[in-house]
Amino acid sequence: TEHKGLCLREGRLVATNLQGVNAEQEEPISVVPNPHLERRRCPLIVGIRGGNKALSCGTGPEPRLQLEEVKLLDLFSSGDAAVPYTFYKTFGGTTHTFEAAAFPGHFLSTAPQPDRELGLAPRAAPGSITSFYLRRR
1 TEHKGLCLRE
11 GRLVATNLQG
21 VNAEQEEPIS
31 VVPNPHLERR
41 RCPLIVGIRG
51 GNKALSCGTG
61 PEPRLQLEEV
71 KLLDLFSSGD
81 AAVPYTFYKT
91 FGGTTHTFEA
101 AAFPGHFLST
111 APQPDRELGL
121 APRAAPGSIT
131 SFYLRRR
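Just so you know, we're using my numbering here: the sequence shown kicks off at 1 and counts up by one.
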């Protein structure tokens, strides 16, 4: 399989091929634990830009992934208000999945094609990639 990186384009996180000169566009992911949810499920508040923007599933009836201008450390101490920003991380062999705490059964996902936006999808959705390789920086 092909490894992609995440980059920020027009306010959206996009999974794309980041090699050579494009590698510097990779957007590092920041995480802090959500201490208000069940620890054994590894609840993480996920964001970018050094923890100054957070990924949110929204609060509507359907999950909709978006970036919000909120600090991860502010969410760390905000109790139930942090649930839309929280993902349960599961490690399976060499990859990780991230299930939305606010929308069980929906996972961070992208498509096999390059330059596709990061979104949310059921784990078994056709054409969706829900398993990710992570590397520590």
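Even for Gly, the Cβ is constructed at its ideal location relative to N, Cα and C.
Every value quoted in this text rests on a predicted model; they were computed, and no experiment measured them.
> Quick one: Cα of Val-46 to Cα of Ser-56, how far?
Replying inline: 8 Å
> Roughly how many whole angstroms lie between the Cα atoms of Ser-109 and Lys-89?
Replying inline: 13 Å
> Where does Ala-81 sit, in a helix, a strand or coil, going by DSSP?
Replying inline: helix
> Nearest to Val-32 by CA position, among Asp-74, Glu-99, Gln-25 and Glu-10, is which residue?
Replying inline: Asp-74
> Can you give the Cα-Cα distance for His-36 and Asp-115, rounded to whole angstroms?
Replying inline: 35 Å
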